[in-house]
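Residue numbers (the numbering used here), protein chains in the order written: chain A, 126 to 667; chain B, 2 to 335.
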């Protein structure tokens with residue numbers, strides 16, 4: 126009797142010990158979790174940040190912490206194909222591998238790819254606008270084709286925001302989709318088909334009044350425009366982004382998802398091992414992909430991030446917010462050749478988008494002498510085609526762009542304007558290079574006088590350009606108007622974003638406030654040699 | 002007091018003893034890990050708990066990396082015990098890159114097939130591209146007629162009487178990339194045969210698709226999730242469809258002619274050779290392979306599979322011939 130008591134007591138102790146350290150259990154009907162250990166280092170598209178809660182749960186279940194490092198589309202691809210990514214990361218996770226796989230070196234640089242979720246690129250429109258255009262199916266409307274959308278955009282019947290195709294995957298996928306649909310051959314787009322459809326693509330992009338280098342910033346800018354009483358009518362982005370916005374409670378008017386009748390381009394989020402990943406990294410990868418593809422987790426991804434499941438499973442039915450119910454969402458072909466894809470990205474900048482007016486307000490005070498001025502010259506020269514890297518190639522000043530250089534020191538200097546023609550712009554780029562080489566540093570730092578002078582040039586011409594200001598300064602204001610004076614004038618200034626660049630001893634607080642006041646963004650170039658990268662990144666917002 | 006002391010000692014002893022026995026048992030039952038790179042189409046077979054259990058009975062546990070069969074030869078193979086591509090030519094190419102520890106073994110086979118849905122098959126039939134086989138009644142896709150349709154840029158919305166799939170999309174079979182993946186490579190070989198070596202025509206059936214995936218499982222899975230929205234016709238192995246593709250309206254077509262892919266293990270180590278032998282000879286594993294739709298020596302016709310006659314099947318080209326075709330194709334596609 127006593128023995129029995131002791132034995133059962135022992136069992137209770139053992140049982141409760143186990144209970145204390147119980148890891149999360151696999152869902153009913155699913156296999157036990159695959160275990161790994163440590164960290165899986167992942168170079169990822171920035172829009173995947175919303176999966177963090179799911180990844181935290183994955184860590185508890187598998188023992189593997191997925192560490193996401195965000196990057197832009199072309200930067201990510203460049204880093205993979207040149208082999209740099211494999212030195213720092215075990216895997217990549219972009220919205221799509223389509224463009225990456227077009228590069229000849231991609232095959233040797235990447236291994237197993239596992240698709241985690243899907244989301245088509247669609248047009249989200251304020252419901253009242255969708256109704257007016259007759260595109261709201263729930264209100265008896267019909268689904269337009271991309272061509273019809275392009276015609277309406279060209280007639281300015283609606284406005285929209287979209288990310289820059291060279292910087293962000295959603296913009297790139299949208300560009301591919303609209304081009305394939307308008308070309309209308311039913312087969313993959315080739316480079317020589319871009320010319321003939323340029324007028325209709327130009328009409329489509331005429332409606333774009335908001336641009337960004339990343340999806341996250343585009344959302345913020347879209348919401349901000351709404352709260353400031355100058356709403357943008359819509360967004361071209363992933364269905365998941367539109368549905369997440371609707372669910373966020375932050376919109377003044379819900380967005381109707383317009384699914385173009387002639388098809389979509391779909392992101393499929395492949396988590397992809399890099400060649401050379403260690404044995405441990407491979408084990409960790411297997412554990413994480415096994416976790417993320419479980420039907421129970423696929424459902425979580427759908428419910429929390431509005432992405433569709435990638436795993437075919439009868440239990441995974443789409444929630445009511447996803448449409449269209451009857452299917453009818455055919456996939457548009459993605460270019461099969463690198464030259465076609467690159468020609469499309471190039472054409473977007475040089476001939477399809479609304480042309481930009483880009484004003485560089487450049488600190489040439491005494492403190493810029495030496496290395497800093499040399500760094501500035503290199504960074505600006507890089508944008509004239511001297512940077513031949515993949516990201517450099519697509520951040521060059523564009524055909525039809527107006528580039529204004531406004532140097533300042535004790536007072537604003539003389540602005541120099543360069544108008545790039547639509548084609549044959551090399552001579553103009555050479556002029557910019559020559560001009561940049563002649564810049565000299567001397568004197569004080571009249572930041573706000575110079576910034577106000579730049580605003581004075583914004584409206585010049587009264588044309589239809591996408592205008593923005595870049596402010597580079599390496600220290601505090603020492604002459605002219607101060608921040609308070611600038612702040613007081615902001616309400617009377619035209620709505621033009623200022624992208625401030627932290628450099629040298631920049632006043633971080635003031636530069637952040639300037640970008641916040643104007644709807645811009647602050648970029649940090651204080652690390653040695655970081656200025657060229659910051660200037661390239663800003664190109665996505667101009 | 003004394004009694005309590007006894008009790009504590011006993012509890013501790015029991016806990017320790019229990020834990021040690023558990024540990025010993027665990028170690029005894031812990032199977033050896035064997036690592037391999039496999040064609041993605043076999044991932045479902047190896048993920049089957051019954052397959053895992055059958056391997057564990059022989060003391061083996063697998064850690065697998067899926068990859069395109071034609072990519073394997075170019076991968077770093079040093080860390081693997083075996084490679085398991087989808088065809089004998091791919092196996093031969095792999096063996097050229099890392100010397101096998103034992104001869105390559107073909108453990109099961111599966112013909113190339115096309116997954117589709119009945120409204121699409123009806124359209125194909127009315128366009129003269131598909132018909133039921135006189136013997137057997139299975140659906141066949143006339144590859145020669147498909148090539149001709151592709152040459153005249155036929156789109157689905159141009160098929161007369163089409164009221165079910167009015168999509169402005171070229172009539173194509175969605176494939177993987179031939180340079181990466183065995184299924185697409187063998188499809189290229191079929192196209193090459195029916196066109197009498199017309200490389201331009203062969204190229205067009207791939208180029209028109211644009212960018213595609215690298216492993217056969219990827220487009221098949223996309224098709225299972227999105228069916229016709231992903232693509233109306235998807236190239237698969239018969240086994241994939243028989244294993245997971247059955248569904249309302251789903252139809253399996255056989256290219257006319259088709260090629261039977263021979264899923265072949267290339268062992269690099271003794272453990273890899275042991276696995277190859279097991280897959281080939283173990284009745285339980287052979288039975289499970291058949292249950293996953295593969296044709297095996299013991300079960301040459303999986304349930305639902307069509308009996309393909311002589312003229313329905315062409316032999317796979319040998320590796321040098323296939324590689325030459327793929328190189329020429331890749332040059333045009335890149």
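Every residue, glycine too, gets a C-beta built ideally from N, C-alpha and C. As the structure is a computational prediction, the values presented were derived from the model and not from experiment.
Below 8 Å between beta carbons: does that hold for residue 303 of chain B and residue 236 of chain B? At a Cβ-Cβ threshold of 8 Å, residue 303 of chain B and residue 236 of chain B do not count as neighbours.
May I have the straight-line CA-CA distance separating residue 300 of chain A from residue 629 of chain A, to the nearest angstrom? Each residue's Cα considered, the two are about 38 Å apart.
Please state the DSSP three-state secondary structure of residue 380 of chain A. It is a strand residue.
Looking only at its chain, what residues have a beta carbon closer than 7 Å to the beta carbon of residue 26 of chain B, apart from the 5 residues adjacent to it on each side? Low confidence applies here, because residue 26 of chain B scores a pLDDT of 45, under 50, leaving its location unreliable and the question unanswered by this model.
Option nearest residue 336 of chain B by Cα separation, candidates B:75, B:194, B:113: This structure leaves residue 336 of chain B out entirely; chain B is present only between 2 and 335.
Considering only residues of the same chain and omitting the five flanking positions on each side of residue 651 of chain A, which have a CB-CB separation below 8 Å? The answer, listed in chain order, is 627, 628, 629, 631.
Is there a Cβ of chain B sitting closer than 8 Å to that of residue 540 of chain A, yes or no? No, its Cβ sits nowhere closer than 8 Å to a Cβ of chain B.
Please state the DSSP three-state secondary structure of residue 78 of chain B. Reduced to three states, the DSSP call for residue 78 of chain B is coil.
Using 8 Å as the limit for Cβ to Cβ distance, is residue 316 of chain B near chain A? When Cβ-Cβ separations below 8 Å define contact, residue 316 of chain B makes no contact with chain A.
Length of the line joining the Cα atoms of residue 296 of chain B and residue 165 of chain A: Between residue 296 of chain B and residue 165 of chain A, the alpha-carbon positions lie close to 38 Å from each other.
In three-state terms, what does DSSP make of residue 339 of chain A? DSSP places residue 339 of chain A in coil when its eight states are reduced to three.
Tell me, please, whether the CB atom of residue 78 of chain B is closer than 8 Å to any CB atom in chain A? No, its Cβ sits nowhere closer than 8 Å to a Cβ of chain A.
Could you give the distance in angstroms between the alpha-carbon of residue 265 of chain B and the alpha-carbon of residue 104 of chain B? Roughly 10 Å between the two C-alpha positions.
Contact set between residue 101 of chain B and chain A, taken where Cβ atoms lie within less than 7 Å: Chain order gives no chain A residues near residue 101 of chain B, where near means a beta carbon separation below 7 Å; the closest approach is about 21 Å.
Using 8 Å for Cβ pairs, my map puts residue 163 of chain B next to residue 209 of chain B. What's the rounded Cβ distance? 19 Å between Cβ atoms; not a contact.
Under 8 Å, CB to CB, which of the residues in the region 224–257 of chain B have a partner in chain A? From the region 224–257 of chain B, only 225, 226, 227, 228, 229, 230, 231, 232, 245 have a Cβ closer than 8 Å to chain A.
For residue 273 of chain B, collect the residues of the same chain with a Cβ closer than 6 Å to its Cβ; drop the 5 residues on either side in sequence, then sort them by chain order. Cβ within range, chain order: 82, 83.
Looking at residue 283 of chain A: is its Cβ nearer than 8 Å to the Cβ of residue 359 of chain A? Cβ distance < 8 Å, so residue 283 of chain A and residue 359 of chain A count as in contact.
When you compare the CB positions of residue 382 of chain A and residue 353 of chain A, do they come within less than 8 Å of one another, or not? No, Cβ-Cβ distance for residue 382 of chain A and residue 353 of chain A is not below 8 Å.
Just checking: is the beta-carbon of residue 677 of chain A within a distance shorter than 8 Å of some beta-carbon in chain B? Outside the displayed range of chain A (126 to 667) lies residue 677 of chain A, so it cannot be described from this structure.
Should residue 192 of chain B go down as buried or exposed, given a rule of 16 or more other Cβ atoms within 10 Å for buried? Buried.
Measure the Cβ-Cβ separation of residue 534 of chain A and residue 568 of chain A and say whether it is below 8 Å. Yes, they are a contact pair.
Compute the Euclidean distance between the alpha carbons of residue 197 of chain A and residue 294 of chain A, then round it to the nearest angstrom. The alpha-carbon atoms of residue 197 of chain A and residue 294 of chain A are separated by roughly 8 Å.
For residue 109 of chain A, which three-state DSSP category applies? Any answer about residue 109 of chain A is impossible in this case: the structure gives chain A only from 126 up to 667.
Which full runs of the beta strand (DSSP E) of 3+ residues lie inside the region 531–598 of chain A, going along the chain? The qualifying runs are 541–544, 591–598.
On the DSSP letters alone, give me the boundaries of the beta strand (DSSP E) that residue 256 of chain B sits inside. Per DSSP, residue 256 of chain B belongs to the beta strand (DSSP E) from 251–257.
In terms of residue numbering, what span does the alpha helix (DSSP H) encompassing residue 488 of chain A cover? From DSSP, residue 488 of chain A is part of no alpha helix (DSSP H) but of the beta strand (DSSP E) over 481–488.
Determine, for residue 67 of chain B, whether the minimum Cβ-Cβ distance to residues of chain A falls below 8 Å. Output row for residue 67 of chain B: interface = yes.
Note down the Cα distance separating residue 86 of chain B from residue 386 of chain A, rounded to an integer number of angstroms. Their backbone Cα atoms lie some 40 Å apart in a straight line.
Does the CB of residue 160 of chain A have a neighbour CB from chain B at under 8 Å? Residue-level contact by beta carbon fails for residue 160 of chain A and chain B, as no gap is shorter than 8 Å.
Would residue 75 of chain B pass as an interface residue toward chain A - the criterion being a Cβ-Cβ separation below 8 Å? At least one beta carbon of chain A lies nearer than 8 Å to the beta carbon of residue 75 of chain B.
Name the one or two DSSP bridge partners that residue 110 of chain B has. Per DSSP, B:263, B:296.
Considering only their Cβ atoms, is the gap separating residue 168 of chain B from residue 155 of chain B smaller than 8 Å? If you check the CB distance, residue 155 of chain B and residue 168 of chain B do not come in under 8 Å.
Kindly list, in the order they appear in chain B, the residues whose Cβ is closer than 7 Å to that of residue 460 of chain A. Result: 211, 212.
Any beta carbon from chain A within less than 8 Å of residue 321 of chain B's own beta carbon? No, because no Cβ of chain A sits closer than 8 Å to the Cβ of residue 321 of chain B.
Taking beta-carbon pairs under 8 Å, can you tell me which members of the region 185–213 of chain B lie near chain A? The region 185–213 of chain B vs chain A, Cβ under 8 Å: 207, 208, 209, 210, 211, 212, 213.
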